[in-house]
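Numbering of the sequence shown is given in the working numbering, commencing with residue 2 and proceeding in unit increments. C-beta atoms are modelled at their ideal positions from N, C-alpha and C, and glycine is treated no differently. Please read all numbers here as calculations on a predicted model, not as lab measurements. First comes the structure, then the notes that go with it.
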Amino acid sequence: MEQRFALLLQAKAISQQAHDHCLRTITLMDSELGLPHDNEQYQMAVTHLSRAADRIWRNEAIEEGLDADILDEIYQDPEAATIMALHKKVLDSMALHNVPANEEGFLIANVYALYQLSHSLETQE
């Protein structure tokens, strides 16, 4: 993942700030979920996080948020409290405050997907 972020930084697809915070967040995700870094879903979610962070810091949030039905499904999951706690840890590690709802819905969905992936990998072992 470190190489991926170095390439994104070099290509100016993300800022130095996003790069540095994402490296810290990867450490958090490793301790919380233990996902392999070569997993496509993991790479996609963390890359999205870096790009979303830059948009948020520049006050350029996306205009259209995640479908409300999908968010409702996440909030109704029996593990919703755990997922939201992890989401808060991710936001804190990224130093993201006052996240627009349109961006936050996608960030929550990514944490939810990674949480589900982590548990599905555990049951395969």
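- By the criterion of a C-beta distance shorter than 7 Å, serine 119 is surrounded in its chain by Leu34, Gly35 and Leu36, once the five residues flanking it on both sides are discounted.
- For isoleucine 57, the enclosing alpha helix (DSSP H) covers residues 41-58.
- With at least 16 other beta carbons inside 10 angstroms of its own, histidine 20 counts as buried.
- By alpha-carbon distance to leucine 87, the top candidate from Ala110, Arg59, Gln44 and Arg52 is Ala110.
- Here lysine 89 is not near leucine 29, since their CB atoms are 7 Å or more apart.
- Distance from the CA of glycine 106 to the CA of isoleucine 71, rounded to the nearest whole angstrom, comes to 9 Å.
- Taken in chain order, the complete beta strand (DSSP E) segments of 3 or more residues contained in the segment 54-90 number zero; there are none.
- The beta carbons of aspartate 73 and isoleucine 15 sit about 31 Å from each other, so the pair does not count as a contact at 8 Å.
- Looking at Val100, Asp39 and Gln4, the one whose alpha-carbon comes closest to that of leucine 24 is Gln4.
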